[in-house]
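In this text, residue positions in the sequence shown follow my numbering: the first is 11, and each later residue adds one. Beta carbons: idealized from backbone N, C-alpha and C, even for Gly. Structure record follows, encoded as structure tokens.
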Amino acid sequence: MNTQIKMFKKEKAAKISSEEVNALDKIEYPLMEDFYTIQGEGAHTGRPAYFIRTAGCDVNCWWCDVKESWDEEKHPRVKTKEIVKRAVDSGAKFAVITGGEPLLHNLEPLTVRLKQAGLETHIETSGSSPLSGQLDWITLSPKRFKKPLDEVFPYVDELKVVVLTNKDLAWAEENAKKCPPNTQLLLQPEWETPKSIPLIVDYVKKNPQWGISLQTHKFINVP
Ligand code: SF4
11 MNTQIKMFKK
21 EKAAKISSEE
31 VNALDKIEYP
41 LMEDFYTIQG
51 EGAHTGRPAY
61 FIRTAGCDVN
71 CWWCDVKESW
81 DEEKHPRVKT
91 KEIVKRAVDS
101 GAKFAVITGG
111 EPLLHNLEPL
121 TVRLKQAGLE
131 THIETSGSSP
141 LSGQLDWITL
151 SPKRFKKPLD
161 EVFPYVDELK
171 VVVLTNKDLA
181 WAEENAKKCP
191 PNTQLLLQPE
201 WETPKSIPLI
211 VDYVKKNPQW
221 GISLQTHKFI
231 NVP
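What follows is the structure, encoded as structure tokens:
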């Protein structure tokens, strides 16, 4: 199978030979954690989802709440076959691939095998590395510390911008201009910055094309 084919989105699970399946299953990813939980934020809030958190990130957000994900050498490498098996065994209907920055890795083997197993594939990314994989839903969470690549914008389903100050609202608009017209636009308060909440509420009321995303999993104490 040509792993360089850039299909990115909404491709049906490819019919591939057992030899090719075996080859994909052997591909390893540095994995910080994977678990079945509730999607707590964004457009799919409230849906049960299998989270796959790859390790490795080169974006360096100072407020990052998963800094332990940054160094991929500190995490085990796990075969695609094992990750997909765990996701299937969980009973989840969709998988969220997050990080770290998941696009530091070629996601085609993992996403192809997840889709063949019947799961939707979602990704949450800063968009700062090239797109890869077969993805049903792309959430772009752009970071000023390492900007998204222009090639990512045409594929974005959901733009979710973390807001601490007014500067982030300008950053959100700058990114929204590059997204397709039907992209869901969401502003999300940074968890440790409560003053961002009135800022966002006021902004969304004046600019109703935007909505608010809250990290609801933190309110109900699920990972
Ligand atoms: S892109 Fe995500 S994982 Fe990477 S530093 Fe920023 S918040 Fe943390």
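Query	Result
Would a check of beta-carbon distances place Leu169 closer than 9 Å to chain D?	No chain D is part of this structure, which consists of one protein chain only.
Around ligand 1, what residues have a beta-carbon under 6 Å from a heavy atom of it, in chain order?	Cys67, Val69, Asn70, Cys71, Cys74, Val76, Ser79, Gly109, Gly110, Glu111, Ser136 and Lys153
Around the Cβ of Ile133, are there at least 16 other Cβ atoms within 10 angstroms (buried) or fewer (exposed)?	buried
Do the CB positions of Asp160 and Lys188 come within less than 9 Å of each other?	yes
For a test of the three-state rule: what should DSSP assign to Ile230, helix, strand or coil?	coil
Assess, as a yes-or-no matter, whether the region 72-81 is touched by the region 54-61 under the definition of 3 or more beta carbon pairs within less than 8 Å.	no
Using CA coordinates, which residue listed in Val98, Gln144 and Ala102 is at the minimum distance from Val122?	Gln144
Quick check: Ser142 and Lys156, are their CB atoms within less than 9 Å of each other?	no
To test your reading of the DSSP string, which unbroken beta strand (DSSP E) runs of 3 or more residues are found completely within the region 65-104?	87-89
Find the nearest neighbour of Ile222 within the set Glu200, Asn231 and Ile48, judged by alpha-carbon distance.	Glu200
Can you grab the Cα-Cα spacing for the pair Gly128 / Lys215, in whole Å?	39 Å
Do Leu195 and Gln225 count as a contact pair if the criterion is CB distance below 9 Å?	no
Please name the residue, chosen from Asn185, Phe229, Lys177 and Val166, that lies closest to Leu209 on a Cα-to-Cα basis.	Lys177
Per DSSP, Pro199 is paired with what?	Val173
Grab me the residues of Val69's own chain with a C-beta within less than 7 Å of its C-beta, minus the 5 sequence neighbours each way, in chain order.	Glu111, Ser136, Ser138, Lys153, Phe155 and Lys156
Could you give the residue range of the beta strand (DSSP E) that holds Pro40?	Glu38 to Ile48
For the beta strand (DSSP E) holding Glu130, just list the boundary residues, first then last.	Glu130 to Thr135
Report the three-state DSSP secondary structure of Gln126 (helix, strand or coil).	helix
Within a Cβ cutoff of 7 Å, which residues of the same chain sit near Leu179, ignoring the five residues on either side of it in sequence?	Val173 and Tyr213
Could you check whether Thr131 and Ala102 sit closer than 9 Å to each other, using their CB atoms as the reference points?	no
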